[in-house]
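Student:
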Amino acid sequence: MPKVALFVTCVADQVFPDTAEATVRVLEAAGVQVVFPALQTCCGQPALTAGEPEAALRLARHHLDVFDATDCDAIVTPSGSCAAMVCHHYPELVSDRHADARAVAARTFELTQYLVDVLGVDDIGARLDTTVTVHDACHGMRNLGLGHQMRTLLTATGATLVEMTEADTCCGFGGVFSVGFPEVSARLADAKIGHAATTSAEFMVSGDLACLMHLDGRRRKVGPGSAPRPIHIADLLASGLSGRR
Amino acid sequence: MIDTLIATLRDNTCTVSGPMSVDEARAAIVDRIAGHALVACNDDVPIPGLAEAVARLGIAVLDPRDPQWATRLADADAGITGARLAVAEPAAIALTAAPGSPRGTSLVPPEHICVVRVADVIPTLADAMQTIAAGDLPSALTWIGGPSRTGDLEMITTLGVHGPRVVEVVLVT
Amino acid sequence: MSDGHAIATPGDDFHERTAHAVANPVLQKALHNLDRRLRTASTSAAAHPDWKDRAAAIRRETLLDLDGWLDRLEHSLTTRGVQVHRASTPADARRVIVDLARARGARTVVKSKSMATEEIDLGNALEAAGMTSVETDLGEYIVQLAGERPSHMITPAIHKTLPQIRDILAREAGTDLAVDREELTRWARGRLRGEFLRADIGITGVNFAAADTGTLVLVTNEGNGRFCTTVPRVHIAVMPVEKVIPRLADVGIMLPLLTSHATGQALSNYVTMISGPRREGEVDGPDELHVVFLDNRRRTLLGTKYEEMLACIRCGACLNVCPVYRNVSGHAYDAVYSGPMGKVLTPLLSGGAEGADLPYGSTLCHACSDACPVKIPLGDMILSLRADVPDAHTALRRRRRVFWSVWARAWSTPRGYRLTTALGRVSRGRVPGLRAWTSSRELPRPAREPFRDRWAKEHG
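Chains as they are written, first to last, in my numbering: chain A, 1 to 245; chain B, 1001 to 1173; chain C, 2001 to 2460.
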């Protein structure tokens, strides 16, 4: 049985613990043993995007220490952008521990990427009777090539997938951008919510909690209430495991 | 290849006729410019006797050697040129500047008639540039894809901004 | 004023301008039209996927020996009777051109669209020297009359609606004009035709300059570039040094790549390849051809992680796909170059004096990196510049550095992380940026306990 270390992410740990639990359930349903290295904190992405690589480096070193020491086949995270931080940025950022960084990066995967591309599992046994549309979160899509994996997992549940226009356009979160440029950030969220609403789907599914937090926050503030509910792929799949939908 | 060239030029709002023989082309062009008063004609047009045929209709022909060429060009109704070569993909026609073929003939008058020999049509721009770059280069080589155009007005294409509004391509065998 | 800038942006200027842009309904209506170009450009460029690799290789070949290629280009140009002038700074370039124009008694200058001439602020210099300088690209002409900068490198008046354009042209015409494209174009054609015919000097940019043959390549759709290089007796081309390419044959790929990414056209309507001034016996074309090589700190990028920015061919594709640009357009950047490439080039070419806050106005989505026909890693450069650019707001910068340093010290240990997040829960999330978030969004519903605590409970 493959053994996976959960790289939970600070956002999931602190703000969306249900999603973290759903991630574990989904992995276990796929036949994977999950361990949780309790000393992990944060990958450092917020500091890097704020233009403070020294601060990010501190966290990166700690992250490498934790996961280097963890015996597992893979490190899996429910966030495309956090996976991209490790895979795309760490090798250059942690230049004096280049080999360690590359080793950890090579074992780090986003959830859908791990299930479909590494495990080769399309169907984890979840069943969903609903219509969904996908928002392709930027870092996962552009840095890791994510996209088809989520769609494969969704259609395997029996859910109806309707593509929205501009599924791959940024939602406007962008890390510190969301508070440094709140007007443009909100405008982009509106555009995304508008496109999603045209599909008449029940859910807008994505692989990045930050995007979802931003989109859901905007949707709840200005609506329309009929727009698809933003939801993380792990939460949606997990809900289909107990046969509730 | 010729079909691709014709289709794309038409998509770019050119009028395209032929391939036809030189004699047929002469007659077609003369027919086309019947209502004009003044027409500029370059030396590189591969249709012998065209200038004479036009003059016979009573239309004034502006010759590049005319001492008033630049001033009179502004009043010309059309300019007729040949071409060095044409490329099918992307569709474009290359004109060479030379003593007998001034640049302005295909630029200033509102109508440009361009005679292209089928034998001078090459498949791609990349092929053409290899050949052109290896040979003697003229002072100006101008590629033309169709009538002058702009998208500056709310991003909708409008024709005839500075260059000719009408471009007619005549293919001859 | 966003409280988010305490942790994020070094200043608030770019933010404020974007906020104004988003709130401007006329601008937003004009920007809606950008979507049309987006769709055309992306479908056209998909036809030749290997071209990007080849083009990227050609550009990098040039950058590996930029000085060598410039020397070869100068030699080829000089052999063809072209006069080459080297300008280190915008002031040098202005001086060369104004001196040339004065020496020839020039009164009217016609300009074809050129970002390089914007960069050196040439129009104002010519006016100050008592000459009339007329922009001849229709979009540039419109913004010139409006007293504004171009807002997009390919479509300078993209921020204007048709009624606004009509007002601008009608004011200049001194007569009434209809809100009709054909009529407005006809009027502009007539007016600018007159300028072309009486111009003493034509000034253009350069899209590519081939070092092996000494050929300048100019791209337009309107024909104004052709007029500028055909009618006036003198043609001056302003060439940023990175426009040099090794071989004329290279344009077979570079040209369609440029035009497909810029406007979705397989090739622009006109491409002029100039190899020297007019020759013996030719009845039109310039008597004199001058090329000004403009450096303006470009060489300082060579050998740095930003070197690849010099591969840019000015197609504008990054502007068209940028989620920020699409919603605010060029003027919000308050710089010659806007969009993602402007975010990188502006702080670099000004040594941080200008545009230090531009790199923060990005969601780092990397649509620009994806769209770039010569594979410049724009997204990575924008991120790096947040750390690298020295900026004037040192007090703010220091405060930000302290914030993140404290944060990193806390969060790089499990204990520090637990303590600070517990504090955050107790203070109900009163963190920097909270106001900026809640001005337009609801907060996420609070979680009662973090995942790690739940796991510890379940797994002992």
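Quick reminder that beta carbons are idealized off the backbone N, C-alpha and C, glycines included.
Considering Ile1132 (chain B), what are the terminal residues of the alpha helix (DSSP H) in which it resides?
Tutor: Walking along the second sequence from the start, residue 1132 (chain B) turns up at place 132. Its alpha helix (DSSP H) spans residues Leu1125 to Ala1134.
Student: Mind listing, in chain order, the continuous alpha helix (DSSP H) runs of no fewer than 4 residues lying wholly within the region 2413-2437 of chain C?
Tutor: Here the runs fully enclosed are 2414-2426.
Student: Could you tell me if Gly243 (chain A) is buried or exposed, where buried requires 16 or more neighbouring beta carbons within 10 angstroms of its beta carbon?
Tutor: As a working note, residue 243 (chain A) is residue 243 in the first sequence. Its pLDDT being 49, under 50, Gly243 (chain A) is placed unreliably in this model, and the coordinates cannot settle the point.
Student: Using a threshold of 8 angstroms, state whether the C-beta atoms of Val2251 (chain C) and Val2217 (chain C) are closer than that.
Tutor: Stepping through the third sequence from its first residue, residue 2251 (chain C) is reached at position 251. Stepping through the third sequence from its first residue, residue 2217 (chain C) is reached at position 217. Taking 8 angstroms as the Cβ cut-off, Val2251 (chain C) and Val2217 (chain C) qualify as a contacting pair.
Student: For Met2309 (chain C) and Val2238 (chain C), what's the separation of their Cα atoms in angstroms?
Tutor: As a working mapping, residue 2309 (chain C) is identified with position 309 in the third sequence. As a working mapping, residue 2238 (chain C) is identified with position 238 in the third sequence. About 19 angstroms.
Student: Whose CA, out of A:Asp71, A:Asp123 and A:Ala238, lies closest to the CA of Gln33 (chain A)?
Tutor: Taking the first sequence and counting its residues from 1, one reaches residue 33 (chain A) at position 33. With distances taken between Cα atoms, Gln33 (chain A) lies closest to A:Asp71.
Student: Could you check the C-alpha separation between Phe177 (chain A) and Tyr2360 (chain C) for me, to the nearest Å?
Tutor: For the purposes of this step, residue 177 (chain A) is identified with residue 177 of the first sequence, where counting begins at 1. For the purposes of this step, residue 2360 (chain C) is identified with residue 360 of the third sequence, where counting begins at 1. The straight-line gap from Cα to Cα measures roughly 7 angstroms.
Student: Within 8 angstroms of any Cβ in chain E, is that where the Cβ of Glu163 (chain A) sits?
Tutor: Absent from the structure: chain E. Protein chains present are A, B and C.
Student: With DSSP collapsed to three states, give me the class of Gly2351 (chain C).
Tutor: Translated into the one-based positions of the third sequence, residue 2351 (chain C) becomes position 351. Looking at Gly2351 (chain C) - three-state DSSP - the assignment turns out to be coil, as it is neither helix nor strand.
Student: Over the uninterrupted alpha helix (DSSP H) stretch that includes Gln2028 (chain C), give me the two end residues.
Tutor: Here residue 2028 (chain C) refers to the residue found at position 28 when the third sequence is read from its first residue. Counting along the chain, the alpha helix (DSSP H) containing Gln2028 (chain C) begins and ends at Pro2025 to His2032.
Student: So if DSSP puts Phe203 (chain A) in a beta bridge, which residue, or which two residues, is it bridged to?
Tutor: Start at 1 with the first residue of the first sequence, and residue 203 (chain A) comes out as number 203. Per DSSP, A:Val132 and A:Arg229.
Student: Skipping 5 residues on each side, what residues in its chain have a beta carbon closer than 6 angstroms to that of His63 (chain A)?
Tutor: Indexing the first sequence from 1 puts residue 63 (chain A) at position 63. Answer for His63 (chain A): Cys43, listed in chain order.
Student: Taking the beta strand (DSSP E) that Gln1068 (chain B) falls in, what are its first and last residues?
Tutor: One-based indexing of the second sequence puts residue 1068 (chain B) at position 68. Neither: Gln1068 (chain B) is in no beta strand (DSSP E) and is coded neither H nor E.
Student: Please work out which residues of its chain come closer than 7 angstroms, Cβ to Cβ, to Pro224 (chain A), disregarding the five sequence neighbours upstream and downstream, and give them in chain order.
Tutor: To locate residue 224 (chain A), count along the first sequence from 1; it is residue 224. Cβ neighbours of Pro224 (chain A) beyond the five flanking positions: Ala197.
Student: Would you please verify whether the beta carbon of Glu2308 (chain C) is less than 8 angstroms from any beta carbon of chain A?
Tutor: Within the third sequence, the letter at position 308 stands for residue 2308 (chain C). For Glu2308 (chain C), the answer is no, since every Cβ of chain A falls outside 8 angstroms of its Cβ.
Student: Is the CB of Arg2086 (chain C) under 8 angstroms away from at least one CB in chain B?
Tutor: Locating residue 2086 (chain C) in the third sequence gives position 86, counting from the first residue. No, no contact with chain B.
Student: Identify which residue in C:Ala2021, C:Cys2315 and C:Ala2055 has its Cα closest to the Cα of Pro182 (chain A).
Tutor: Here residue 182 (chain A) is taken as the residue at index 182 of the first sequence, counted from 1. Answer by Cα proximity: C:Ala2021.
Student: Between Ala74 (chain A) and Phe2451 (chain C), how many whole angstroms is the CB-CB distance? I'm expecting something under 8 angstroms.
Tutor: Residue 74 (chain A) sits at position 74 when you count from the first residue of the first sequence. Residue 2451 (chain C) sits at position 451 when you count from the first residue of the third sequence. Not really, about 19 angstroms apart at Cβ, beyond 8 angstroms.
Student: Helix, strand or coil: how does DSSP classify Ser81 (chain A) here?
Tutor: Residue 81 (chain A) sits at position 81 when you count from the first residue of the first sequence. Correct three-state label for Ser81 (chain A): helix.
Student: Could you compute how far the alpha carbon of Arg1103 (chain B) sits from the alpha carbon of Ile2236 (chain C)?
Tutor: The residue given as residue 1103 (chain B) occupies position 103 in the second sequence. The residue given as residue 2236 (chain C) occupies position 236 in the third sequence. Distance between the alpha carbons of Arg1103 (chain B) and Ile2236 (chain C): 18 angstroms.
Student: In chain order, what residues of the same chain have a beta carbon less than 8 angstroms from the beta carbon of Pro2323 (chain C), not counting five sequence neighbours either side?
Tutor: Numbered from 1 along the third sequence, position 323 holds the residue referred to as residue 2323 (chain C). So the list reads Thr2363, Cys2365 and Ala2367, once near-sequence residues are dropped.
Student: The ligand ADP and Ala2170 (chain C): does the residue's C-beta get closer than 7 angstroms to at least one heavy atom of that ligand?
Tutor: The ligand ADP is absent from the structure shown, which contains no ligand whatsoever.
Student: Check whether the region 2200-2210 of chain C touches the region 2221-2232 of chain C, counting contact only when three or more Cβ pairs, one atom from each stretch, lie closer than 8 angstroms.
Tutor: They touch, by the three-pair rule.
Student: Between Pro2347 (chain C) and Ala2353 (chain C), what straight-line distance do the alpha-carbon atoms span, to the nearest angstrom?
Tutor: In the third sequence, residue 2347 (chain C) corresponds to position 347, counting from 1. In the third sequence, residue 2353 (chain C) corresponds to position 353, counting from 1. Their Cα atoms are separated by approximately 7 angstroms.
Student: State yes or no: is the C-beta of Ala2249 (chain C) within less than 8 angstroms of the C-beta of Met1155 (chain B)?
Tutor: Locating residue 2249 (chain C) in the third sequence gives position 249, counting from the first residue. Locating residue 1155 (chain B) in the second sequence gives position 155, counting from the first residue. No, the Cβ-Cβ distance between Ala2249 (chain C) and Met1155 (chain B) is not below 8 angstroms.
Student: Can you give me the C-alpha to C-alpha distance between Thr19 (chain A) and Ala167 (chain A), rounded to a whole angstrom?
Tutor: For this step, residue 19 (chain A) is matched to residue 19 along the first sequence. For this step, residue 167 (chain A) is matched to residue 167 along the first sequence. Taking the straight line from one Cα to the other gives about 22 angstroms.
Student: For a contact meaning CB atoms closer than 7 angstroms, what does Asn2033 (chain C) contact in chain B?
Tutor: Position 33 of the third sequence holds residue 2033 (chain C). Going along chain B in sequence order, the residues near Asn2033 (chain C) (Cβ under 7 angstroms) are Glu1154 and Met1155.
Student: Taking three-plus beta-carbon pairs below 8 angstroms as touching, is the region 2123-2131 of chain C in contact with the region 2095-2112 of chain C?
Tutor: The answer is yes - the region 2095-2112 of chain C touches the region 2123-2131 of chain C, with three or more Cβ pairs under 8 angstroms.
Student: What separation, rounded to the nearest whole angstrom, lies between the Cα atoms of Val1170 (chain B) and Thr1081 (chain B)?
Tutor: Walking along the second sequence from the start, residue 1170 (chain B) turns up at place 170. Walking along the second sequence from the start, residue 1081 (chain B) turns up at place 81. The alpha-carbon atoms of Val1170 (chain B) and Thr1081 (chain B) are separated by roughly 10 angstroms.
Student: Could you check the C-alpha separation between Glu2135 (chain C) and Leu2192 (chain C) for me, to the nearest Å?
Tutor: For the purposes of this step, residue 2135 (chain C) is identified with residue 135 of the third sequence, where counting begins at 1. For the purposes of this step, residue 2192 (chain C) is identified with residue 192 of the third sequence, where counting begins at 1. Distance between the alpha carbons of Glu2135 (chain C) and Leu2192 (chain C) is about 9 angstroms.
Student: Contact check, Arg2445 (chain C) vs Arg218 (chain A) under 8 angstroms by CB: the rounded distance?
Tutor: Within the third sequence, residue 2445 (chain C) is the residue found at index 445, counting from 1. Within the first sequence, residue 218 (chain A) is the residue found at index 218, counting from 1. Wrong, their Cβ atoms sit about 15 angstroms apart, outside the cutoff.
Student: Assign Pro1064 (chain B) to buried or exposed, taking buried as 16 or more other Cβ atoms, counted over all protein chains shown, within 10 Å of its Cβ.
Tutor: On the second sequence, position 64 is the one that residue 1064 (chain B) refers to. Classification of Pro1064 (chain B): buried, given that the 10 Å Cβ count is 16 or more.
Student: Just the C-alpha distance for Ala1140 (chain B) and Val1172 (chain B), rounded to the nearest angstrom, thanks.
Tutor: The residue given as residue 1140 (chain B) occupies position 140 in the second sequence. The residue given as residue 1172 (chain B) occupies position 172 in the second sequence. The straight-line gap from Cα to Cα measures roughly 24 angstroms.
Student: Of all the CB atoms in chain B, is at least one closer than 8 angstroms to the CB of Thr2108 (chain C)?
Tutor: What you label residue 2108 (chain C) is simply residue 108 of the third sequence in a count that begins at 1. No, its Cβ sits nowhere closer than 8 angstroms to a Cβ of chain B.
Student: Return the residues of the region 113-146 of chain A that lie within a Cβ-Cβ distance of less than 8 angstroms from chain C, sorted by chain order.
Tutor: Going along the region 113-146 of chain A in chain order, one finds Cys138, His139, Arg142 and Asn143 with a Cβ nearer than 8 angstroms to chain C.
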